[in-house]
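See structure below.
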Amino acid sequence: MDYIAITVITLYLTGVTVVGVVMARRSKASKDWAVAGGGMSGVLVAFGLAGARVGGAGTYGIAGDVMNGGVWYMWWYAISSFAALTLVGLAFAGYYRRLGLQTVGELFLLRFGSKRCQWLTSLCVQTEYAIVNVIEAYVIGVIISSLTPLSMLHSTLIAAVVLATYVSLGGLWGTAVTNVIHCTVILVSLFALGVVGIWEFGGWQVVTEQVNAGLALTSEDSVRWWAFTGGGMGAIMAMFFSATIHSPAASIYANYSTATRSERSLAPAFIAGGAIAALMPILAGIVGILTVAR
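Going by UniProt numbering, the sequence shown wraps up at 294, each residue one higher than the last.
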């Protein structure tokens, strides 16, 4: 039994749950819960956006993609994440804040007086969120069950309870603060892992030589594997547009837009959030490269 892993997991899950409970004190009305009462700082918004943008797909998912398909995955996932948040920040966030939107669907009610369109839009968004949250709870369950004696069922239930607690009690405040924790842990951990890994190999030059040797054994094209556009422009454009086109319709960005204390800090917060979100897949990709080098 790995007692260190169990201790870290317990402290981490307990910490984010406590944050949700503590942040519940700030959520005295529905506006406080959904948009933080319009009093959130730009720094907190930036980390909240980054945490909402990058999950498992942008970390260990990218590491696996780099291992199997090349480094283009990490570059273009990072570029797409940055572009998506920058697009919303420069072109949409200001209007969301001025309208005081809590959901994107409210646009149909304010502009056309159509509750039906508002409900349908919310249904589409909530369906996506439901799928994402189920997957997130499942993935956390896999991690917990693999590092502890708990079964997959019990691990997934614990993950679901923790997620539901800090979101339902803390609202946007709780989500933003826990995203600061998530982003910090991911960035520091991946950076440290990359630095230590490169040092253990004896430098980046040795890493690249090891990767090329491994690719040669599997008859893979090393030039394409390392190429910035190794996946081809079709796959790159698909990744880019799938990341950017749907982003303005995601209600979480309307929430953070209305929650931002000052409109002056709104666009910089989205751009900073995009930069933070872009760092994670790059660091995860480096971990994938180190794995191939082994």
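Glycine included, C-beta positions come from ideal geometry on N, C-alpha and C. Model, not experiment: these values are computed from the prediction.
Determine the DSSP secondary structure at residue 175, reduced to helix, strand or coil.
Here the question's residue 175 lines up with position 175 in the sequence shown. Helix, per DSSP.
Are the beta-carbon atoms belonging to residue 47 and residue 252 less than 8 Å from one another?
Numbered from 1 along the sequence shown, position 47 holds the residue referred to as residue 47. Numbered from 1 along the sequence shown, position 252 holds the residue referred to as residue 252. In this structure, residue 252 does not lie closer than 8 Å to residue 47 by Cβ.
Can you tell me where the alpha helix (DSSP H) with residue 207 in it begins and where it stops?
Residue 207 sits at position 207 when you count from the first residue of the sequence shown. Start and end: 204-217.
Can you tell me whether residue 203 is buried or exposed, with buried defined as 16 or more other CB within 10 angstroms of its CB?
Here the question's residue 203 lines up with position 203 in the sequence shown. Counting Cβ neighbours within 10 Å, residue 203 comes out exposed, since fewer than 16 surround it.
The alpha helix (DSSP H) that contains residue 106, what's its start and end?
Taking the sequence shown and counting its residues from 1, one reaches residue 106 at position 106. That run of the alpha helix (DSSP H) goes 106-112.
Would you give the residue range spanned by the alpha helix (DSSP H) that residue 140 belongs to?
Start at 1 with the first residue of the sequence shown, and residue 140 comes out as number 140. Per DSSP, residue 140 belongs to the alpha helix (DSSP H) from 115-147.
Within this structure, are the beta carbons of residue 178 and residue 54 separated by less than 8 Å?
Here residue 178 refers to the residue found at position 178 when the sequence shown is read from its first residue. Here residue 54 refers to the residue found at position 54 when the sequence shown is read from its first residue. Not closer than 8 Å, so no.
Contact defined as beta carbons within less than 8 Å: I believe residue 35 pairs with residue 175. What is the distance between those atoms, to the nearest angstrom?
In the sequence shown, the residue the question calls residue 35 occupies position 35. In the sequence shown, the residue the question calls residue 175 occupies position 175. Their Cβ separation, rounded to whole angstroms, is 11 Å, which puts residue 35 and residue 175 out of contact at 8 Å.
Within a Cβ cutoff of 8 Å, which residues of the same chain sit near residue 59, ignoring the five residues on either side of it in sequence?
Locating residue 59 in the sequence shown gives position 59, counting from the first residue. Around residue 59: 186, 190, 280, 281, 284.
With a 10 Å radius around its C-beta and 16 neighbouring C-beta atoms as the bar for buried, classify residue 124 as buried or exposed.
The residue you call residue 124 lines up with position 124 of the sequence shown. Exposed.
Judging by CA-CA distance, which residue of 62, 293, 254, 80 is the nearest neighbour of residue 216?
Taking the first residue of the sequence shown as position 1, residue 216 is located at position 216. The shortest Cα separation from residue 216 among 62, 293, 254, 80 belongs to 293.
Cβ of residue 286 within 8 Å of Cβ of residue 214?
For the purposes of this step, residue 286 is taken as the residue at position 286 of the sequence shown. For the purposes of this step, residue 214 is taken as the residue at position 214 of the sequence shown. The answer is no: Cβ separation not under 8 Å.
Residue 59, DSSP secondary structure in three states:
Here the question's residue 59 lines up with position 59 in the sequence shown. Residue state, collapsed to three classes: coil.
The alpha helix (DSSP H) enclosing residue 224, as first and last residue numbers
As a position in the sequence shown, residue 224 is number 224, starting the count at 1. Per DSSP, residue 224 belongs to the alpha helix (DSSP H) from 222-226.
What does the alpha-carbon distance come out to for the pair residue 325 and residue 90?
With the chain covering 1 to 294 only, the question about residue 325 has no answer from this structure.
Beta-carbon contacts of residue 221 that lie in its chain and below 8 Å, excluding the five residues immediately before and after
One-based indexing of the sequence shown puts residue 221 at position 221. For residue 221, where only same-chain residues beyond five positions count, the Cβ hits under 8 Å are 215.
Using only the alpha-carbon positions, how far apart do residue 227 and residue 71 sit?
Here residue 227 refers to the residue found at position 227 when the sequence shown is read from its first residue. Here residue 71 refers to the residue found at position 71 when the sequence shown is read from its first residue. Their backbone Cα atoms lie some 7 Å apart in a straight line.
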